[in-house]
Structure formats: C-alpha cells, structure tokens
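S.K.: Chains as they are written, first to last, in my numbering: chain A, 26 to 437; chain B, 525 to 812.
Each residue gets a CB set at the ideal place from its N, CA and C atoms; glycine is no exception.
In this text, all values refer to a predicted model and were calculated from it rather than measured experimentally.
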Amino acid sequence: MKSGHLLKAAFLGFVLGTAAFGAALAAEPPLKVGLLEDVSGDLAFMGMPKLHGSQLAVEEINKSGGILGRQIELIHLDPQGDNARYQEFARRLLSRDKVDVLIGGITSASREAVRPIIDRTTTPYFYTNQYEGGVCDASMISMGAVPEQQFSTLIPWMVEKFGKKVYVIAADYNFGQISAEWNRKIMKDLGGEVVGEEFIPLGVSQFAQTIQNIQKAKPDWLLTINVGAAQDSFFEQAAAAKLNLPMGSSIKIMLGFEHKRFKPPALNNMHATANWFEEIDTPEANDFKKRWRAKFPDELYINDMGYNAYNALYMYKALVEKAKSTKLEDMRKVIATGDACIDAPEGKVCIDPKSQHTSHRMRLISVGPQHEVTVEKDYGTIKPYWLGDIGCDLTKKNPKDQYTPSHLPNKS
Amino acid sequence: MSAELFSVFYQFADVFAFLILSAAGLAIVFGMMGVINMAHGEFIMCGAYVTVGLVKLGVPLAIAQALAAVTAGLIGVAVEYLIVRRLYKRPLDSLLATWGLSLIVTQSMLLIVGSSITGIGTPEGSFAIGGYTFSTYRLVLFACAVAVLIGLYVTFMKTRFGVMARATMQNAAMAKALGARTGRIYAISFGIGAGLAGLCGALYAPTMTLIPTMGATFVVESFVTVVVGGANVLLGTAPAAVFLAMIRMALNASYGQIIGQIGMLFAVILIIRVLPEGLSSVLVRRGR
Numbered sequence: 026m027k028s029g030h031l032l033k034a035a036f037l038g039f040v041l042g043t044a045a046f047g048a049a050l051a052a053e054p055p056l057k058v059g060l061l062e063d064v065s066g067d068l069a070f071m072g073m074p075k076l077h078g079s080q081l082a083v084e085e086i087n088k089s090g091g092i093l094g095r096q097i098e099l100i101h102l103d104p105q106g107d108n109a110r111y112q113e114f115a116r117r118l119l120s121r122d123k124v125d126v127l128i129g130g131i132t133s134a135s136r137e138a139v140r141p142i143i144d145r146t147t148t149p150y151f152y153t154n155q156y157e158g159g160v161c162d163a164s165m166i167s168m169g170a171v172p173e174q175q176f177s178t179l180i181p182w183m184v185e186k187f188g189k190k191v192y193v194i195a196a197d198y199n200f201g202q203i204s205a206e207w208n209r210k211i212m213k214d215l216g217g218e219v220v221g222e223e224f225i226p227l228g229v230s231q232f233a234q235t236i237q238n239i240q241k242a243k244p245d246w247l248l249t250i251n252v253g254a255a256q257d258s259f260f261e262q263a264a265a266a267k268l269n270l271p272m273g274s275s276i277k278i279m280l281g282f283e284h285k286r287f288k289p290p291a292l293n294n295m296h297a298t299a300n301w302f303e304e305i306d307t308p309e310a311n312d313f314k315k316r317w318r319a320k321f322p323d324e325l326y327i328n329d330m331g332y333n334a335y336n337a338l339y340m341y342k343a344l345v346e347k348a349k350s351t352k353l354e355d356m357r358k359v360i361a362t363g364d365a366c367i368d369a370p371e372g373k374v375c376i377d378p379k380s381q382h383t384s385h386r387m388r389l390i391s392v393g394p395q396h397e398v399t400v401e402k403d404y405g406t407i408k409p410y411w412l413g414d415i416g417c418d419l420t421k422k423n424p425k426d427q428y429t430p431s432h433l434p435n436k437s
Numbered sequence: 525m526s527a528e529l530f531s532v533f534y535q536f537a538d539v540f541a542f543l544i545l546s547a548a549g550l551a552i553v554f555g556m557m558g559v560i561n562m563a564h565g566e567f568i569m570c571g572a573y574v575t576v577g578l579v580k581l582g583v584p585l586a587i588a589q590a591l592a593a594v595t596a597g598l599i600g601v602a603v604e605y606l607i608v609r610r611l612y613k614r615p616l617d618s619l620l621a622t623w624g625l626s627l628i629v630t631q632s633m634l635l636i637v638g639s640s641i642t643g644i645g646t647p648e649g650s651f652a653i654g655g656y657t658f659s660t661y662r663l664v665l666f667a668c669a670v671a672v673l674i675g676l677y678v679t680f681m682k683t684r685f686g687v688m689a690r691a692t693m694q695n696a697a698m699a700k701a702l703g704a705r706t707g708r709i710y711a712i713s714f715g716i717g718a719g720l721a722g723l724c725g726a727l728y729a730p731t732m733t734l735i736p737t738m739g740a741t742f743v744v745e746s747f748v749t750v751v752v753g754g755a756n757v758l759l760g761t762a763p764a765a766v767f768l769a770m771i772r773m774a775l776n777a778s779y780g781q782i783i784g785q786i787g788m789l790f791a792v793i794l795i796i797r798v799l800p801e802g803l804s805s806v807l808v809r810r811g812r
C-alpha cells in the first residue's frame with residue numbers, strides 16, 4: 026500500500042510539474058530591470074526624477090505590449106548615495122534577482138564602484154547621466170552627454186562672449202577632477218587662462234573664502250562644477266556677496282535645476298549645454314512633459330537625468346527587439362551596425378558603435394535675472410566622437426578603462 | 525592694504541560664527557550634560573525648515589528665525605522627557621537612541637516634505653571694500669554668534685538657574701538634596717541646547733540649500749569645536765572656535781578648502797592628543 030501511495034504522489038507531482046511548465050510557456054516571465062537610484066540622502070532631489078522617468082517608461086512599454094511580448098518588472102533599490110551600498114545592491118540584483126539589465130548610478134564615483142562588478146557578468150549596464158566621459162567598456166552603454174558635447178561647445182562660447190580668464194570651482198572627486206582637466210585642455214587649445222582652480226570636499230557648505238579668492242583672481246567667468254546640495258549653497262552666498270560673474274557648467278540648470286531651487290537672481294547669468302531641459306519647447310518634448318506631469322504632477326523639475334533614464338528603457342527595448350535577444354553580445358551586434366537609434370523627445374539619438382555612448386542634440390542655454398531659461402545657440406546633433414578619435418573601439422577590443430586627456434590608450 | 529586686512533577679519537568672523545553657532549547647542553547637551561546627541565544636526569535642520577516655512581507664510585525673517593529657535597527648543601524638551609531622560613546613566617545607549625532619532629527624522633522629512641524645498645534668499649545688503657564685495661548678512665551671523673556666547677555666559681554664570689544647572693551637572697544627587705528640581709533643570713538645559721541648534725539652522729537657512737540631511741554639514745564642525753573646547757563649556761568653546769577658525773581661515777585662503785579642512789582636523793587630533801581634557805583644562809588651571 027505504501028509504495029502505491031508513493032507512486033500516486035510521484036504521478037501527481039509529475040502532472041503538477043508539467044502543468045506549471047505549461048503555464049510558464051503560455052505567459053513568458055517578465056524581463057527584470059534592476060535600477061539603482063538614490064531617492065534618499067544628499068542627492069535625493071536629483072535621483073527622484075530618475076526613478077520617476079524609469080517608472081514612466083516601464084508603464085508605457087508594458088501598456089503597449091512590453092519588449093518582445095514580455096512585460097518589464099522594475100526592481101528599484103535605493104543606495105542612499107553610499108558607494109558601498111551601490112556595490113552591495115548591484116551584487117544583489119545581479120546574482121540574486123538575476124536581472125536582465127542593470128540601470129542607474131548618479132555620481133561618477135558610484136558608477137566606477139559598480140562597473141567592475143558588472144564587468145564580471147554578461148549583464149548589460151546603462152549609465153544614464155551626463156558625465157566626464159572616457160569610459161571604454163563593452164558592458165556599459167552611456168545615455169547622457171559627455172565633454173565633447175558639453176565642454177567643447179560651452180567653453181569656446183564662454184571665452185568668446187565673456188573673456189579668456191576662467192576660475193574653476195569643482196567637487197573634489199573623479200567627476201570634478203576630470204572635468205577640470207577637460208577645461209584646462211580646452212582652455213589651452215583656445216589660448217585662454219585658468220586663473221584659479223579650487224576643489225571642494227563634498228559636504229562643504231560655506232564659501233565666503235572661496236568667493237574672495239575668486240575676487241582676488243579677477244576671472245572673466247566661472248566654471249561651476251560643484252556637486253550636491255551642500256556645495257550648491259555657493260550660488261546663494263555668491264549672490265549675497267554680489268559676485269556678479271557669468272557662470273558656465275555641465276551640470277547646472279538642466280540637471281540640478283538650481284534655477285528652481287534658489288530664489289532669483291542667485292542663478293542669474295548661468296550657462297550650460299544640454300541635450301534636455303524642461304523648458305525645451307518642441308511638440309515632441311511638450312508631449313513627453315505632458316505624459317510625465319500626468320503621472321507625477323508634483324515633480325519640481327523634469328531634469329536631464331530623469332529624461333535620460335526614461336530614454337534608457339526605450340533604447341534597451343530597441344536593442345533587444347532588433348537583436349531578438351536579451352544577451353549583451355547580441356545587443357552589441359546591433360550597436361556595431363551603427364543602427365541603434367530611438368526617436369527620443371529631443372529628436373533621434375543613436376549609440377556610437379566604437380564607444381557605446383549616445384549622440385545628442387545639444388543646445389546652449391542661459392538663465393536670466395528672473396531665472397527664465399533662454400536658448401542661446403542650437404548645435405544640432407553632436408556625436409560622442411572623442412573616445413573613437415583616441416583609439417577606443419569596442420567592436421574590436423574591450424579595455425574596460427576610463428580615459429582622460431592625460432590618460433590615453435597605449436598606441437600598439 | 526586695509527581691504528586685505530578687513531578681508532582677513534571678515535573670513536575669520538565667518539568661520540568663527542559657523543563654528544560657534546553650530547557648536548553652542550551641542551556644548552550644552554554634550555559638553556555639560558554629557559549626552560552624545562547624534563540628532564544635533566536634525567535640530568539644526570528643524571530650525572532651518574521652520575524658518576523657511578514661516579517666511580513663505582509671510583512672517584518677517586527675524587521673527588521666523590526666533591520662532592524657529594523656540595520650536596526646536598520645545599521639541600528638545602519633549603525629546604529629553606520622552607527619550608534622553610531615561611538614558612543619562614547609559615551614554616552609549618543615548619548615542620544609539622539619538623542616532624536612531626536622527627535617521628527617523630531625516631527619512632520622515634524626506635517622505636513628508638520632499639527631497640528639496642526652494643530657498644528664501646539671503647537678505648539684501650552688501651558692501652565693497654577695495655576690490656572685494658561682502659555680504660552684510662555674514663556679519664549679522666558673526667554678531668549673533670557673539671551674542672549667543674554672551675547669552676550663554678550670563679545664563680550659566682550669573683543667574684540662579686545657571687548656578688543650579690551647573691550644580692546639577694556636577695552632582696545631581698547633591699543638588700537634589702539641596703532642593704534643586706533636577707529633572708526640570710535637565711529638561712530646560714536640553715531644551716536650551718536644542719533651541720540653540722535650531723537658531724543655528726534658522727540663521728543659516730537663507731544662505732543654504734535646504735534638504736532633509738542638511739544638518740550633517742554642521743555636525744562634524746560642532747563636535748570638533750566642543751571636543752577641543754573641553755569639559756568647561758563656557759571657558760572652552762569660544763577659544764576653541766577662535767583657534768580652529770584661525771587655522772582654517774589661514775589654510776583656506778592660501779591653499780583652498782581641502783587643505784583648510786584637513787588642516788583643521790589635523791589640529792584637532794594634535795590638541796586632543798596633547799590636551800585630552802581640551803583647551804578649557806589649560807584655561808581653568810591658569811585661572812586658579
């Protein structure tokens with residue numbers, strides 16, 4: 026009798042097992058998207074739009090049938106601006122949740138913290154911020170703007186308009202240091218002069234001495250690549266001390282929306298080159314903003330990070346559907362054809378096969394005394410050419426390195 | 525030349541004000557009462573948020589700042605009564621409890637108020653000397669810092685409450701035997717400490733970005749100043765602030781903010797190595 030029971034149980038188990046298998050075939054399991062964005066901590070105000078942009082894109086894609094017929098499951102973790110937590114959560118998403126793609130990271134420090142972990146897997150990684158450029162890594166696809174799109178446009182314009190002397194205040198970590206290096210290189214090519222450079226530890230909020238150092242150096246304009254809520258206090262304090270200098274940046278206005286967070290005229294005379302800012306007035310952009318505001322009516326500002334995060338999911342969809350596969354190597358074959366493009370709210374953007382960075386329509390914007398944003402110049406579409414020019418070609422070789430003007434690939 | 529001289533004074537005053545205002549509340553709570561208050565930064569944040577909220581409702585800035593300090597003080601009294609009171613004999617547990625409180629408060633603020641609120645702008649007013657322009661408000665901060673020091677001295681050295689408070693901190697059992705209502709004195713002292721932290725936030729609110737974690741930018745400086753000052757708050761905090769401000773200002777001016785910060789913290793390590801009791805131990809000995 027006992028053996029009879031066992032047999033029955035085994036049979037039942039078999040039937041149940043095949044039934045479950047059949048059900049799984051009928052509805053394919055969702056695609057898992059791992060998202061690492063700070064929604065608490067010092068950078069929460071920037072990270073929140075990134076989470077919202079991702080949620081909006083996932084909702085839209087799921088409503089219109091998903092990717093290759095599969096729905097997207099978004100798994101968001103909040104590393105709270107802590108790089109150790111970034112690493113821990115990246116490992117968790119990759120090995121426990123087995124995500125199909127990893128997206129996110131705000132600071133360049135957090136990106137460099139998770140990149141080695143991703144490089145040991147075959148999971149694609151999308152970095153969705155503008156940054157200091159130079160990462161030549163086959164696992165990473167960069168959706169934001171890079172120095173040849175931001176600095177090579179902004180700095181010559183500032184020099185022509187305001188003068189050849191610049192003073193730099195930069196956050197003291199890899200983003201600020203490498204951005205300052207870009208500025209030195211471009212200023213040298215233009216015959217300009219860097220009359221001062223000050224690197225500020227993250228978390229510093231008092232700038233009276235910096236303001237005086239600037240007045241002593243008498244620059245024609247300032248390059249402000251200070252990062253984070255504490256360092257942003259510079260603008261309020263400089264305005265109170267009537268510093269009144271033109272400013273340029275790669276991260277202000279469209280990214281940190283300081284013109285919305287500070288009382289006018291603290292951000293007066295700030296300039297930046299951007300692929301996205303909420304004030305863009307085109308039918309595509311307005312349609313995008315309408316959809317965003319319908320879902321998140323209280324958003325203080327739709328910043329470029331949030332916008333790029335939104336695009337990242339559509340770019341992932343385009344790559345997977347063209348490759349008919351979620352494997353990184355198959356997606357990279359699509360990228361290698363040079364035909365990895367999407368119609369984004371800014372216009373058509375494409376991934377460059379050599380560097381896996383994204384082309385962007387760049388505009389130079391300025392902030393007025395009432396914090397109104399004006400488009401000063403439209404550069405059209407700029408490709409991310411620098412990495413390709415210096416010899417990074419991911420279709421041939423994967424160095425997994427980050428290059429800067431002073432750290433170029435070995436010519437071999 | 526006079527412009528350079530004034531600029532040196534202005535920079536000194538600026539760092540001094542920042543150190544004194546951020547440390548004054550902690551000097552009482554940590555220096556006198558011995559409570560390692562990890563939520564000090566959150567009292568500062570509270571002062572800043574209340575100020576900005578009131579100004580946006582149309583309250584004049586100075587009144588808003590005063591009300592913000594009072595609000596932080598009242599919350600301080602409540603925190604003392606509900607949490608800290610039970611932990612005076614367990615300093616490490618009070619550290620843990622106040623740290624937990626700080627985490628709860630910052631995260632709740634994030635959920636309720638959001639990740640950032642718009643600022644209110646620094647009051648108008650600037651003046652020029654030589655090639656430099658200065659913000660008048662920074663001198664107001666300096667004046668407030670000096671006023672806080674004088675106020676603390678008068679309160680704790682010249683009033684009946686001050687005498688009883690100092691007696692309570694030194695020997696609570698004896699003070700109680702002599703008729704001091706020690707429970708009340710503890711609550712009021714903690715309230716004054718929290719109120720001064722709130723005042724710091726209120727005064728710096730117009731000049732800074734307001735986020736729930738903003739208190740963190742004050743905390744290192746405040747603990748450092750109090751520790752260097754040593755056990756005797758009234759004799760220690762002010763010279764500690766003068767000393768640290770001079771070092772930081774000189775290094776900031778010549779080598780920038782990074783060296784300024786490193787140099788100041790290095791000086792702190794040296795001092796607590798050589799004078800474990802802080803600067804006040806030397807001053808008190810001289811005084812005797």
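Which residues in chain A have a C-beta closer than 9 Å to the C-beta of Met-773 (chain B)? List them in chain order.
M.R.: Here residue 773 (chain B) refers to the residue found at position 249 of the second sequence. Gln-234, listed in chain order.
S.K.: With a Cβ-Cβ cutoff of 8 Å, do Asn-87 (chain A) and Gln-96 (chain A) count as a contact?
M.R.: The residue given as residue 87 (chain A) occupies position 62 in the first sequence. The residue given as residue 96 (chain A) occupies position 71 in the first sequence. Yes, these two residues count as a Cβ contact at 8 Å.
S.K.: Under 8 Å Cβ to Cβ from Phe-46 (chain A), same chain only, skipping five residues before and after it: list those, please.
M.R.: Counting from 1 along the first sequence, the entry for residue 46 (chain A) is found at position 21. With a pLDDT of only 46 at Phe-46 (chain A), under 50, the local geometry of the prediction cannot be trusted, and the value read off the model is given with reservation. Nothing listed; no residue qualifies.
S.K.: Quick check on DSSP: helix, strand or coil for Ile-628 (chain B)?
M.R.: Position 104 of the second sequence, counting from 1, holds the residue named residue 628 (chain B). The answer is helix: DSSP assigns Ile-628 (chain B) an H, G or I state.
S.K.: What does the Cβ neighbour count give for Gln-535 (chain B), buried or exposed, with the cut at 16 atoms within 10 Å?
M.R.: The count along the second sequence starts at 1 and reaches residue 535 (chain B) at position 11. Flag for Gln-535 (chain B) reads buried.
S.K.: Thinking C-beta only, is Leu-389 (chain A) closer than 8 Å to Trp-23 (chain A)?
M.R.: Residue 23 (chain A) falls outside the range modelled here, since chain A spans only 26 to 437, and no answer is possible.
S.K.: Check the Cβ of Met-73 (chain A) against every Cβ in chain B and list those closer than 7 Å, keeping chain order.
M.R.: As a first step, residue 73 (chain A) is located in the first sequence; it is residue number 48 there, counting from the start. Simply Ser-639.
S.K.: Can you name the start and end residues of the alpha helix (DSSP H) that Lys-267 (chain A) belongs to?
M.R.: Here the question's residue 267 (chain A) lines up with position 242 in the first sequence. Here Lys-267 (chain A) belongs to no alpha helix (DSSP H), and DSSP marks it neither H nor E.
S.K.: Mind pulling the alpha helix (DSSP H) runs of 4 or more residues that sit fully within the stretch 285-356 of chain A?
M.R.: Whole alpha helix (DSSP H) segments, 4+ residues: 308-320, 329-348.
S.K.: Identify every residue that forms a DSSP beta bridge with Arg-60 (chain A).
M.R.: For the purposes of this step, residue 60 (chain A) is identified with residue 35 of the first sequence, where counting begins at 1. Reading the sequence as shown, one finds Leu at residue 60 (chain A) and not Arg. BP columns for Leu-60 (chain A) point to A:His-101, A:Ile-128.
S.K.: Rounded C-beta distance between Gly-413 (chain A) and Ser-380 (chain A)? I'm assuming under 8 Å.
M.R.: Taking the first residue of the first sequence as 1, we reach residue 413 (chain A) at position 388. Taking the first residue of the first sequence as 1, we reach residue 380 (chain A) at position 355. At roughly 6 Å, the Cβ-Cβ gap stays under 8 Å, so Gly-413 (chain A) and Ser-380 (chain A) are in contact.
S.K.: Do Arg-286 (chain A) and Ser-640 (chain B) have their C-beta atoms within less than 8 Å of each other?
M.R.: Counted from its first residue, the first sequence places residue 286 (chain A) at position 261. Counted from its first residue, the second sequence places residue 640 (chain B) at position 116. Result yes, Cβ atoms of Arg-286 (chain A) and Ser-640 (chain B) sit closer than 8 Å.
S.K.: One question on the structure: do Phe-176 (chain A) and Ser-275 (chain A) come within less than 8 Å of each other, judged by their Cβ atoms?
M.R.: Translated into the one-based positions of the first sequence, residue 176 (chain A) becomes position 151. Translated into the one-based positions of the first sequence, residue 275 (chain A) becomes position 250. Contact: yes.
S.K.: Step through the CB atoms of chain B and report whether any lies within less than 8 Å of the CB of Lys-454 (chain A).
M.R.: One cannot answer for residue 454 (chain A) here, as it falls past the ends of chain A, which runs 26 to 437.
S.K.: Closest Cβ-Cβ distance between Lys-285 (chain A) and chain B: below 8 Å?
M.R.: Translated into the one-based positions of the first sequence, residue 285 (chain A) becomes position 260. Chain B, which has a Cβ nearer than 8 Å to the Cβ of Lys-285 (chain A), makes this yes.
S.K.: Mark Ile-120 (chain A) as exposed unless 16 or more other C-beta atoms lie within 10 angstroms of its C-beta, in which case mark it buried.
M.R.: The count along the first sequence starts at 1 and reaches residue 120 (chain A) at position 95. Per the sequence presented here, residue 120 (chain A) reads as Ser, with Ile not at that position. Under this definition Ser-120 (chain A) is an exposed residue.
S.K.: Would you call Pro-322 (chain A) buried or exposed, if buried means 16 or more other Cβ atoms sit within 10 Å of its Cβ?
M.R.: Locating residue 322 (chain A) in the first sequence gives position 297, counting from the first residue. Exposed: under 16 other Cβ atoms inside 10 Å.
S.K.: Less than 8 Å separating the beta-carbons of Val-171 (chain A) and Pro-370 (chain A)?
M.R.: Locating residue 171 (chain A) in the first sequence gives position 146, where the first residue counts as 1. Locating residue 370 (chain A) in the first sequence gives position 345, where the first residue counts as 1. Taking 8 Å as the Cβ cut-off, Val-171 (chain A) and Pro-370 (chain A) do not qualify as a contacting pair.
S.K.: Return the residues of the stretch 634-668 of chain B that lie within a Cβ-Cβ distance of less than 7 Å from chain A, sorted by chain order.
M.R.: Taking 7 Å as the Cβ-Cβ cut-off against chain A, the residues of the stretch 634-668 of chain B that qualify are Leu-634, Ser-639, Ser-640, Thr-642, Gly-643, Ile-644, Gly-645, Thr-646, Ser-650, Gly-655, Tyr-656, Thr-657, Phe-658, Ser-659, Tyr-661, Arg-662.
S.K.: Which residues of chain A have a Cβ atom closer than 8 Å to the Cβ of Asp-538 (chain B), listed in chain order?
M.R.: Numbered from its first residue, the second sequence carries residue 538 (chain B) at position 14. Per Cβ cutoff of 8 Å: Gln-231, Ala-233, Gln-234.
S.K.: Please decide whether Gly-228 (chain A) counts as near chain B, where near means a Cβ-Cβ distance under 8 Å.
M.R.: Position 203 of the first sequence holds residue 228 (chain A). Chain B, which has a Cβ nearer than 8 Å to the Cβ of Gly-228 (chain A), makes this yes.
S.K.: What are the start and end residues of each continuous beta strand (DSSP E) run of 3 or more residues lying completely inside the stretch 146-193 of chain A, in chain order?
M.R.: 150-152, 165-167, all fully within the stretch 146-193 of chain A.
S.K.: Using only the alpha-carbon positions, how far apart do Ile-796 (chain B) and Val-752 (chain B) sit?
M.R.: The residue given as residue 796 (chain B) occupies position 272 in the second sequence. The residue given as residue 752 (chain B) occupies position 228 in the second sequence. Roughly 7 Å separates the two Cα atoms.
S.K.: When burial is assigned at 16 or more other CB atoms within 10 Å of the CB, is Gly-363 (chain A) buried or exposed?
M.R.: To locate residue 363 (chain A), count along the first sequence from 1; it is residue 338. So Gly-363 (chain A) ends up on the exposed side.
S.K.: Tell me whether Ala-365 (chain A) sits in a helix, a strand or coil according to DSSP, three-state version.
M.R.: The residue you call residue 365 (chain A) lines up with position 340 of the first sequence. It is coil, neither helix nor strand.
S.K.: Based on Cα-Cα distance, which residue from A:Gly-221, A:Asn-328, A:Gln-174, A:His-101 lies nearest to Asp-403 (chain A)?
M.R.: As a working note, residue 403 (chain A) is residue 378 in the first sequence. Taking only the C-alpha atoms, the option nearest Asp-403 (chain A) is A:Gln-174.
S.K.: Nearest to Glu-157 (chain A) by CA position, among A:Ile-203, A:Ile-225, A:Asp-197, A:Met-71, is which residue?
M.R.: Counting from 1 along the first sequence, the entry for residue 157 (chain A) is found at position 132. For Glu-157 (chain A), the nearest C-alpha among the options comes from A:Ile-203.
S.K.: Any contact between the stretch 565-581 of chain B and the stretch 722-730 of chain B? By contact I mean 3 or more CB pairs, one from each, below 8 Å.
M.R.: Output reads yes: the stretch 722-730 of chain B touches the stretch 565-581 of chain B.
S.K.: Below 9 Å between beta carbons is the criterion; list the residues of the stretch 318-330 of chain A that meet it against any residue of chain B, in chain order.
M.R.: Residues Asp-323, Leu-325.
S.K.: With H, G and I counted as helix, E and B as strand and the rest as coil, what does DSSP make of Met-546 (chain B)?
M.R.: In the second sequence, residue 546 (chain B) corresponds to position 22, counting from 1. It should be pointed out that residue 546 (chain B) corresponds to Ser in this sequence rather than to Met. Note: Ser-546 (chain B) maps to helix in three-state DSSP.
S.K.: Note down, in chain order, each residue of its chain lying with its Cβ closer than 8 Å to the Cβ of Ala-563 (chain B), except the 5 sequence neighbours on either side.
M.R.: Sequence index remark: in the second sequence, residue 563 (chain B) carries index 39 (1-based). If we look at Ala-563 (chain B) and ignore the five residues flanking it on each side, its Cβ neighbours are Val-603, Thr-622, Trp-623, Leu-625, Ser-626, Val-629.
S.K.: In whole angstroms, what separates the C-alpha of Ala-48 (chain A) from that of Pro-54 (chain A)?
M.R.: Here residue 48 (chain A) is taken as the residue at index 23 of the first sequence, counted from 1. Here residue 54 (chain A) is taken as the residue at index 29 of the first sequence, counted from 1. Because the pLDDT of Ala-48 (chain A) is 45, which lies under 50, any placement of that residue in the model is unreliable, and the number read from its coordinates should be weighed accordingly. The straight-line gap from Cα to Cα measures roughly 10 Å.
S.K.: Whose Cβ in chain A lies nearer than 8 Å to the Cβ of Thr-731 (chain B)?
M.R.: Here the question's residue 731 (chain B) lines up with position 207 in the second sequence. Result: Ser-258, Glu-261, Gln-262, Ala-265.
S.K.: Which residue comes first and which comes last in the beta strand (DSSP E) that contains Phe-651 (chain B)?
M.R.: Here residue 651 (chain B) refers to the residue found at position 127 when the second sequence is read from its first residue. Phe-651 (chain B) -> beta strand (DSSP E) spans 650-653.
S.K.: Go to Glu-113 (chain A), then tell me how far its alpha helix (DSSP H) extends in each direction, as first and last residue.
M.R.: As a position in the first sequence, residue 113 (chain A) is number 88, starting the count at 1. Per DSSP, Glu-113 (chain A) belongs to the alpha helix (DSSP H) from 108-116.
S.K.: So with CB distances below 8 Å, who are the chain B contacts of Gly-66 (chain A)?
M.R.: Stepping through the first sequence from its first residue, residue 66 (chain A) is reached at position 41. Within 8 Å Cβ-Cβ: Thr-737.
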